[in-house]
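Visitor: Residue numbers (the working numbering): 18 to 164. Backbone N, C-alpha and C fix where the C-beta goes; we use that ideal spot for every residue, glycine too. Sharing a structure with you now.
Encoded structure:
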């Protein structure tokens, strides 16, 4: 049964999520750390975009971070992928800073009035949409850490 679930689930883009994709609580975003300039970038890459070095390592990123900056979208955003927008305004969106120094823009699963700078958040991997072949496309977002 578990194998059937994994075959139906795909990451939103190659090189951005650890595998296996199940259980979702264990999935993390991937980053690339440069051993020359120490930059850490989102996604797996063959070279550093900061200094062009090929002396890089793909690493799993932390599942928790803090809100660095945020905004509330009050209109439906255009989506990179051709999918129906499952979220309607107002939509909390933030730059999440991970301990590795990476800043990731993400939808935040909370009410707009809950957002604030330095809010502790954790990664959530969930179905973002379904592709034409019936695969669940897994996407990331963050939600406030329960204290």
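(1) Residue 44 and residue 34 - do their beta-carbons sit closer together than 8 angstroms?
(2) Roughly how many angstroms separate the alpha carbons of residue 152 and residue 117, rounded to a whole number?
(3) Report yes if the C-beta distance between residue 87 and residue 57 is below 8 angstroms; otherwise report no.
(4) Which residues in the same chain have their Cβ closer than 8 angstroms to the Cβ of residue 107, if we skip the five residues on either side of it in sequence?
(5) Using a Cβ-Cβ cutoff of less than 8 angstroms, which residues in the same chain neighbour residue 85 once the five nearest sequence positions on both sides are dropped?
(6) Among 67, 40, 49, 163, which residue has its Cα nearest to the Cα of residue 32?
(7) By Cβ distance, which residues of its chain are closer than 7 angstroms to residue 75, with the 5 residues on each side in sequence left out?
(8) With respect to the beta strand (DSSP E) encompassing residue 33, which residues constitute its N-terminal and C-terminal limits?
(9) In chain order, what residues of the same chain have a beta carbon less than 8 angstroms from the beta carbon of residue 155, not counting five sequence neighbours either side?
(10) Around the C-beta of residue 158, are 16 or more other C-beta atoms found within 10 angstroms, so that it is buried, or is it exposed?
(11) Return helix, strand or coil for residue 26, following the three-state DSSP convention.
(12) Just the Cα atoms here: how many angstroms apart are residue 66 and residue 139?
Guide: According to the structure shown:
(1) Along the chain shown, read from residue 1 onward, the residue named residue 34 stands at position 17. Along the chain shown, read from residue 1 onward, the residue named residue 44 stands at position 27. It is a contact, given that the beta carbons lie within the stated cut-off.
(2) As a working note, residue 152 is residue 135 in the chain shown. As a working note, residue 117 is residue 100 in the chain shown. Distance between the alpha carbons of residue 152 and residue 117: 31 angstroms.
(3) As a first step, residue 87 must be located in the chain shown, where it is residue number 70. As a first step, residue 57 must be located in the chain shown, where it is residue number 40. It is not a contact, given that the beta carbons lie outside the stated cut-off.
(4) Numbered from 1 along the chain shown, position 90 holds the residue referred to as residue 107. Result list for residue 107: 89, 90, 91, 129, in chain order.
(5) Taking the first residue of the chain shown as 1, we reach residue 85 at position 68. Same-chain partners within the cutoff: 111, 112, 113, 114, 120, 134.
(6) If you number the chain shown from 1, residue 32 lands on position 15. Of the listed residues, the one whose Cα sits closest to residue 32 is 49.
(7) Looking up residue 75 in the chain shown gives position 58. So the qualifying residues of the chain are 47, 49, 61.
(8) Residue 33 sits at position 16 when you count from the first residue of the chain shown. Where residue 33 is concerned, there is no enclosing beta strand (DSSP E), given that its DSSP letter is neither H nor E.
(9) Position 138 of the chain shown, counted from the start, is the residue given in the question as residue 155. Closer than 8 angstroms at the Cβ level, and outside the excluded window around residue 155, lie 26, 27, 28, 29, 34, 38, 41, 44, 142, 143, 144, 145.
(10) Locating residue 158 in the chain shown gives position 141, counting from the first residue. It counts as buried.
(11) Position 9 of the chain shown, counting from 1, holds the residue named residue 26. Strand at residue 26.
(12) Reading the chain shown from its first residue, position 49 is the one you call residue 66. Reading the chain shown from its first residue, position 122 is the one you call residue 139. So the two alpha carbons sit approximately 26 angstroms from each other.
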